[in-house]
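For reference, the structure discussed in these notes is given below.
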Amino acid sequence: MNFDELLEAVRRHPASVSIPADWAQGRASFGGLMAALVYEAMCQKISDGRPVRSLAISFVGPAAPDVPIRFEAEVLREGKAVSTLLGRAIQDGQVVTLVQGNFGAGRPSVVEVQAEPPPPFKALEDSAPELPYIKGVMPEFMRKVALRWAIGGLPFSGNASRQMGGWVRLRDLPEAPLEVSHLLALVDAWPPSLMPYLKQPAAGSTLTWTIEFVQPLPELSTHDWYQYRVETEHARDGYGHAAARLWSADGRLLALSRQTVTVFA
Numbered sequence: 334m335n336f337d338e339l340l341e342a343v344r345r346h347p348a349s350v351s352i353p354a355d356w357a358q359g360r361a362s363f364g365g366l367m368a369a370l371v372y373e374a375m376c377q378k379i380s381d382g383r384p385v386r387s388l389a390i391s392f393v394g395p396a397a398p399d400v401p402i403r404f405e406a407e408v409l410r411e412g413k414a415v416s417t418l419l420g421r422a423i424q425d426g427q428v429v430t431l432v433q434g435n436f437g438a439g440r441p442s443v444v445e446v447q448a449e450p451p452p453p454f455k456a457l458e459d460s461a462p463e464l465p466y467i468k469g470v471m472p473e474f475m476r477k478v479a480l481r482w483a484i485g486g487l488p489f490s491g492n493a494s495r496q497m498g499g500w501v502r503l504r505d506l507p508e509a510p511l512e513v514s515h516l517l518a519l520v521d522a523w524p525p526s527l528m529p530y531l532k533q534p535a536a537g538s539t540l541t542w543t544i545e546f547v548q549p550l551p552e553l554s555t556h557d558w559y560q561y562r563v564e565t566e567h568a569r570d571g572y573g574h575a576a577a578r579l580w581s582a583d584g585r586l587l588a589l590s591r592q593t594v595t596v597f598a
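Sequential numbering of the sequence shown, starting at 334, is according to the working numbering.
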């Protein structure tokens, strides 16, 4: 099943969705996909089309591939403009992913501040070629995304740059309008920002993730390339703190992301 087919599965049958093993990330399923599926379950509780403004995501435990998962959501509060929801992914009776989200309608305001443009990026054609999938070295889900490095070093390269990033898009999808669920996958497709510091393979994962969306989302395509940049702000004792942004190819800010990541080295 491709990404969009899994989104449709959780919309139709949220009580039981099995994620195929080709979406695996170690012993878990790809975190960006898990966040997107919980988000889709939350969207079913929004009746007036309020767009999502922010999500706070905790990866409580690994969601095993090929084992049914129940996706559920509840409305904590619904105000005149803002709705606060809680979403869960539950497997074998245990919560594996927990998402608190805020959905808010726009309102008239005298305040308008334009986003800063992205930093200089290598043009897509000048960036490194698409990162090839290497079985046994990369997570299985990397077959589903295309990355072209433009900033910083590759995982396990011993590169001490605080910045990492480049160009990203999803593979194997029919062309369709870009949705928030796709943004979650595009941002989380990149490895934890501590990985380039290492000189040999080691495990790493996201512990918590907060992401904010710039609304309204521009009219973009699932076939477009997007620009991503993350900066490691601090790391010690096996935990790192990183801030990232995602832009369209023409420099429009789409999402702001923060993650607490773990590294087992």
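Glycine included, each C-beta is placed from N, C-alpha and C at the ideal position.
Fair warning: this is a prediction, and the values are worked out from it, not measured in the lab.
List the residues that DSSP assigns as beta-bridge partners of residue i.
i, result
"Gly-359", "Per DSSP, none; premise fails for Gly-359."
"Pro-510", "Ser-554"
"Pro-588", "Sequence inspection shows Ala at residue 588; the Pro mentioned does not correspond to that position. DSSP lists Phe-546, Leu-579 as partners of Ala-588."
"His-574", "His-567, Thr-593"
"Val-432", "Ile-390, Gly-420"
"Phe-612", "Residue 612 is absent from the structure shown; the chain starts at 334 and stops at 598."
"Gln-427", "Gln-424"
"Met-471", "Lys-468"
"Arg-562", "Gly-498, Arg-578"
"Arg-403", "Ile-423"
"Arg-481", "Trp-500"
"Ser-538", "Thr-595"
Taking DSSP as the reference, what is the three-state secondary structure of residue i?
i, result
"His-346", "coil"
"Glu-463", "coil"
"Arg-504", "coil"
"Val-408", "strand"
"Ala-448", "coil"
"Ala-354", "helix"
"Ala-374", "helix"
"Arg-383", "coil"
"Val-520", "helix"
"Gly-439", "coil"
Thinking C-beta only, is residue j closer than 8 Å to residue i?
i, j, result
"Ala-407", "Leu-419", "Per the sequence shown, residue 407 should be read as Glu rather than Ala. Cβ atoms of Glu-407 and Leu-419: closer than 8 Å."
"Phe-474", "Leu-516", "no"
"Thr-593", "Tyr-572", "yes"
"Ala-522", "Gly-426", "no"
"Phe-597", "Lys-477", "no"
"Ala-348", "Pro-398", "no"
"Ser-590", "Leu-340", "no"
"Tyr-319", "Ala-493", "Past the edges of the chain, shown from 334 to 598, lies residue 319, and the structure says nothing about it."
"Ala-483", "Phe-436", "no"
"Ser-351", "Ala-396", "no"
"Leu-506", "Thr-565", "no"
"Ala-479", "Val-501", "yes"
"Leu-604", "Arg-481", "Here the chain comprises residues numbered 334 to 598, so residue 604 is not present and cannot be evaluated."
Straight-line CA distance for residue i to residue j?
i, j, result
"Val-388", "Gly-499", "Contrary to the premise, residue 388 reads as Leu rather than Val in this sequence. Spanning the two alpha carbons is a distance of roughly 24 Å."
"Arg-562", "Arg-495", "10 Å"
"Arg-585", "Pro-450", "7 Å"
"Val-520", "Ala-448", "18 Å"
"Met-367", "Glu-445", "33 Å"
"Gln-548", "Arg-344", "23 Å"
"Gly-485", "Asp-583", "21 Å"
"Arg-360", "Leu-370", "18 Å"
"Asp-570", "Gln-424", "30 Å"
"Val-393", "Ala-357", "16 Å"
"Pro-488", "Lys-532", "8 Å"
"Leu-431", "Ile-390", "6 Å"
"Met-528", "Tyr-466", "17 Å"
"Phe-404", "Glu-338", "16 Å"
"Leu-511", "Gly-382", "16 Å"
"His-574", "Gly-491", "18 Å"
"Tyr-372", "Pro-534", "32 Å"
"Ser-526", "Gly-469", "20 Å"
"Met-471", "Ala-518", "16 Å"
"Leu-579", "Met-497", "12 Å"
"Asp-459", "Leu-540", "33 Å"
"Gln-433", "Pro-524", "23 Å"
"Val-400", "Ser-538", "21 Å"
"Ile-402", "Leu-464", "31 Å"
"Gly-439", "Lys-378", "18 Å"
"Pro-415", "Gln-560", "Per the sequence presented here, residue 415 reads as Val, with Pro not at that position. Rounded to whole angstroms, Val-415 to Gln-560 spans 29 Å at the Cα level."
"Met-375", "Ala-568", "33 Å"
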